[in-house]
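Okay, so the sequence shown: first residue is 0 according to numbering that gives the first Met the number 0, each after it adds one.
The structure appears right after this line, and notes come after that.
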Amino acid sequence: MNILITGGTGSLGSELVKVFTTQGHAVTVLSRDPHKQAKLLAEYPQVNAILGDVRDYTRVLFAMQGQRKVVHAAANKRVDLGETNPEEYFSVNVEGTQNVARAAIACGVRQALLIATDKACCATTLYGVTKHLATGVWLSKLNSGVEFCALRYGNVVNSNGSVWQVWQERVAGGLPLVVREPEPTRFFMCKTEAVALVLNVLLHIRNGGIFVPGNTPAFSLWDLARELQPESRWCRELLGPGEKQHEVLVAPTEYIEQITEDLWCIDPKRAKAVHSIPAQFYSETAPRLDAKEVIRRLHATDHC
């Protein structure tokens, strides 16, 4: 099967390349970093790598030719940079998503999956707002003949630029950890789990649905920091502009139903009266991992 991955040289995209090629699929990658593409092709020479930007509709249309499925993972994702670069984030995350959706329709793609984010749920940052808009653009194409759906999950703990990566580098360099307060909690998901979630969604696609994981554990960032360095050495900062203390995957007004044991689906077209958020979709109340277990799992995934 022919599969296109936009942003295919990123943390999630490169893991998807590994899985899809192993399964025997013909994979095309559209990304804008030639150095990352060269590195990817050195490991997976069978991949069709196309250099381009999702803001260039002609280039997206070229990459989309002959594809059966598309996973749209390309985006500007740094929350802090979004606050100072709003036009850039809008052009990539919203207009770029519109280009991918238009090209998927024009080329008769069968299924199209957008990688969304918890930041788009009850959005408080510019990044979150652009991803919320992107999701709306994506799911507005319901009567096009293409099955459009989105996948919403929290931070991938061992992805590029993650707090785990940053803190490890600071500890190795003898520097104090920069710890945000009040105490934040985050969902725990590693790259291999994110890939498994994508594959699960592709098996259960519902046109117009927003999928969310239903059994993702959470952890305290302070607990993790204590395992890496004494509190006396920390550099404490307030949460950044719009940064949430706790992650949330489902809004109080969203209609949600269970699909499998681990997968739920939001229907944005169905209204529901305001309700409390189920505990498993809020990182403050979700099942909690202690710091030692978080580190054990991270070390285990580093060797996968």
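Each residue gets a CB set at the ideal place from its N, CA and C atoms; glycine is no exception.
Check                                                                                                : Outcome
Rounded Cβ spacing between Cys106 and Leu248 (contact assumed at less than 8 Å)                      : Between Leu248 and Cys106 the Cβ distance is about 32 Å, and since that is not below 8 Å, they are no contact.
Three-state secondary structure (DSSP) of His302                                                     : The pLDDT assigned to His302 is 46, lower than 50, so where the model puts this residue is not dependable, and the model offers no usable value.
Residues near Gly23 in its chain [Cβ-Cβ closer than 6 Å; skip 5 each side]                           : none
Residue burial classification, Gly65 (beta-carbon count within 10 angstroms, cutoff 16)              : exposed
Residue burial classification, Ala74 (beta-carbon count within 10 angstroms, cutoff 16)              : buried
Range of the contiguous alpha helix (DSSP H) that encloses Phe210                                    : Note, Phe210: premise wrong, no alpha helix (DSSP H); beta strand (DSSP E) at 209-212.
For Glu182, the nearest candidate out of Val194, Glu94, Gly208, Glu246 (CA to CA)                    : Glu246
Touching by the beta-carbon criterion (3+ pairs, under 8 Å), the stretch 42-51 and the stretch 20-34 : yes
Identity of the residues DSSP links to Gln219 by a beta bridge                                       : Residue identity differs from the one stated: residue 219 is Ser in this sequence, not Gln. Paired residue(s): Thr184.
Close beta carbons around His302, own chain, < 6 Å, minus the five adjacent residues each side       : Note that His302 has pLDDT 46, beneath the 50 cutoff, so the model's placement of it is unreliable and the number below is only indicative. Excluding residues within five positions, none has a Cβ falling inside 6 Å.
Through-space distance from Glu236 to Ile209, alpha-carbon basis                                     : 34 Å
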